[in-house]
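Novice:
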Amino acid sequence: MPKGLRVLEELSKWGISLEGLVETAMQMYIFDPSFGDIRPEVEAEILRALQDPNVESLLLAALCLEEKAQKGEIESLKLRYKDDPVELLADEILGLQIAQYIGGTRALFEFYRFDRKKPGIMSSLPPFLDDAIGGLLAGVLVKVCSP
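So this is what it looks like as structure tokens:
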């Protein structure tokens, strides 16, 4: 199996597809005539990012944390996990690091846009995954739209 497809397979168990990732990114794209339709570039950059061992590792960490949290195995989150409590910062840290790794410092600001709006598939994802996916897409969008 080619690198990067395994993590996509794992994400699909949570209802996350390549098409859903691209569509979610495109919902946040502010059209710029100098770039035009960036959908093909966004898809290619998502696939490229998923093949990076660091991005893959951080996404797998988010998946592992989701599984542990849903089973009640993160003791301090057991009762409040689904409410995404404000004191839970690990999810934000994962998302921020993914965004910055892919797209640099500007991607941190883009991450906050994704985190506030929670577009597309992000709106139905649990705490760790919504931020990890937001970080992935923020980084990708900045990278694609940077000259």
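Just so we're on the same page, the working numbering is the position in the sequence shown counted from 1, plus 81.
Glycine residues also receive a C-beta, built at the ideal position from the N, C-alpha and C atoms.
In this text, all values refer to a predicted model and were calculated from it rather than measured experimentally.
For P208, which of helix, strand or coil comes out of DSSP?
Specialist: Reading the sequence shown from its first residue, position 127 is the one you call residue 208. Looking at P208 - three-state DSSP - the assignment turns out to be helix.
Novice: Could you check whether M109 and R194 sit closer than 8 Å to each other, using their CB atoms as the reference points?
Specialist: For the purposes of this step, residue 194 is taken as residue 113 along the sequence shown, with counting starting at 1. For the purposes of this step, residue 109 is taken as residue 28 along the sequence shown, with counting starting at 1. Taking 8 Å as the Cβ cut-off, R194 and M109 qualify as a contacting pair.
Novice: Grab me the residues of K149's own chain with a C-beta within less than 7 Å of its C-beta, minus the 5 sequence neighbours each way, in chain order.
Specialist: Within the sequence shown, residue 149 is the residue found at index 68, counting from 1. Cβ within range, chain order: I155.
Novice: Any idea if Q151 is buried or exposed, counting beta-carbon neighbours within 10 angstroms, 16 or more meaning buried?
Specialist: Position 70 of the sequence shown holds residue 151. When all chains shown are included, Q151 counts as exposed.
Novice: Just how far apart, CA to CA, sit D113 and F190?
Specialist: Reading the sequence shown from its first residue, position 32 is the one you call residue 113. Reading the sequence shown from its first residue, position 109 is the one you call residue 190. Cα-Cα distance, rounded: 18 Å.
Novice: If we count the other Cβ atoms within 10 Å of its Cβ and call it buried at 16 or more, is G117 buried or exposed?
Specialist: Within the sequence shown, residue 117 is the residue found at index 36, counting from 1. Exposed.
Novice: Roughly how many angstroms separate the alpha carbons of M82 and L89, rounded to a whole number?
Specialist: Your numbering for residue 82 matches position 1 in the sequence shown. Your numbering for residue 89 matches position 8 in the sequence shown. Bear in mind that a pLDDT of 44 at M82, under 50, signals an unreliable position, so the number given afterwards is only what the model happens to contain. Rounded to the nearest angstrom, the two C-alpha atoms are 11 Å apart.
Novice: Could you pull the start and end residues of the alpha helix (DSSP H) that R251 belongs to?
Specialist: Because the chain in this structure spans residues 82 to 228, residue 251 falls outside the shown range and cannot be described.
Novice: Taking the Cβ atom as the reference point for each residue, do V225 and I111 lie within a distance shorter than 8 Å?
Specialist: In the sequence shown, residue 225 corresponds to position 144, counting from 1. In the sequence shown, residue 111 corresponds to position 30, counting from 1. No. Outside cutoff.
Novice: From this set, V123, D212, G96 and T186, which residue's C-alpha is nearest L170's C-alpha?
Specialist: Numbered from 1 along the sequence shown, position 89 holds the residue referred to as residue 170. Answer by Cα proximity: D212.
Novice: Are the Cβ atoms of G215 and G176 separated by less than 8 Å?
Specialist: Sequence index remark: in the sequence shown, residue 215 carries index 134 (1-based). Sequence index remark: in the sequence shown, residue 176 carries index 95 (1-based). Yes. Within cutoff.
Novice: Please return the same chain residues whose Cβ sits closer than 7 Å to the Cβ of A188, not counting the five positions on each side in sequence.
Specialist: As a working mapping, residue 188 is identified with position 107 in the sequence shown. Cβ neighbours of A188 beyond the five flanking positions: A180, Q181, A219, G220 and V223.
Novice: Inspect the beta-carbon positions of F209 and A143 and report whether they are closer than 8 Å.
Specialist: Against the sequence shown, residue 209 aligns to sequence position 128. Against the sequence shown, residue 143 aligns to sequence position 62. Contact flag set, yes.
Novice: Hey, G201 and G101 are a contact pair by Cβ (cut 8 Å); roughly how many whole angstroms apart?
Specialist: Numbered from its first residue, the sequence shown carries residue 201 at position 120. Numbered from its first residue, the sequence shown carries residue 101 at position 20. Right, the Cβ-Cβ distance comes to about 6 Å (below 8 Å), so this counts as a contact.
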